[in-house]
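Q: Residue numbers for the sequence shown follow my numbering, so the first one is 1 and each next one is one higher.
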Amino acid sequence: MTVILLLDQIRWVQWIGVVKDLVVKCSDVLKTMLCDSEIKEPGDVIMPDVYPDAVNIFLKYAYGATDNSNVSDLGNWTAQTTLEVVDFAEKYNIAPLKQMAINQMEVQDVESVFSALHCITFYNATSLEPAVLEVLQKDLQNVLNHPSFLDIDVESLVHILKQDKLDVDELDLWKAALKWGKHREKNREGCQFKIYSG
């Protein structure tokens, strides 16, 4: 038994005991961390910036709680939890789990479109694109006004701006992009960029 110590910027700490032999079969990265590294320290393994829900879902996957073709029997996940699982699977090179999580993601409303956009732009989750486009085409005004819009990454913003058929006019789109840019400038220490509007 190995103990994994989860840390998230000192907000919380959680210890999770794992069966090392089962975990390392799923991930070459975890195998290196837990077994192969010459510089690894005995005892606890520290995993910064991962979330307990994502690790617990991974452990269910690693211990065989799913048939490795779908994870629906592991419970209903929020879009945020699904994104955390995708991020975890990407970070630790667990491609089957990543694909299962992407397949589990349901893009039906404004709330879920932000996580799906992140998966499309960073993880090439093209299977989510039709559902994202449908939400963007019929409900873009609510997407632009949603508080999460200000926190999307630049690649997701560009993805939205590139769409041909949108239900808002260009001026509203420009105002939303300008508001996004000002928000980013305000919330990034040491990073400045100028926004010019004529």
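Glycine is no exception: its CB is placed at the ideal position from the N, C-alpha and C atoms.
Return the bridge partner residues of Met100 from the DSSP annotation.
A: According to DSSP, which records beta bridges pairwise, Met100 is partnered with nothing at all.
Q: According to DSSP, is Met47 helix, strand or coil?
A: Looking at Met47 - three-state DSSP - the assignment turns out to be strand.
Q: Using the DSSP secondary-structure output, state which residues sit across from Trp180 in a beta bridge.
A: DSSP lists no partner for Trp180.
Q: Give me the Cα-Cα distance between Phe122 and Ser115, rounded to the nearest whole angstrom.
A: Between Phe122 and Ser115, the C-alpha separation is close to 11 Å.
Q: Apart from the five residues just before and just after Leu22, which ones in its own chain have a Cβ nearer than 7 Å to its Cβ?
A: Closer than 7 Å at the Cβ level, and outside the excluded window around Leu22, lie Ala62 and Tyr63.
Q: Let me check understanding here. Comparing Cα to Cα, which of Phe58, Leu34, Val110 and Ile102 lies closest to Pro147?
A: For the residues Phe58, Leu34, Val110 and Ile102, the minimum Cα distance to Pro147 belongs to Val110.
Q: May I ask you to report which of helix, strand or coil DSSP gives Gln80?
A: Correct three-state label for Gln80: helix.
Q: Just to confirm my understanding: we take Ser112, look at its own chain, exclude 5 residues before and 5 after, and list those with CB closer than 6 Å. What are they?
A: Correct list, in chain order: Ala79.
Q: Inspect the CB distances between the region 132-148 and the region 90-106 and report whether three or more fall short of 8 Å.
A: No, the region 132-148 does not touch the region 90-106.
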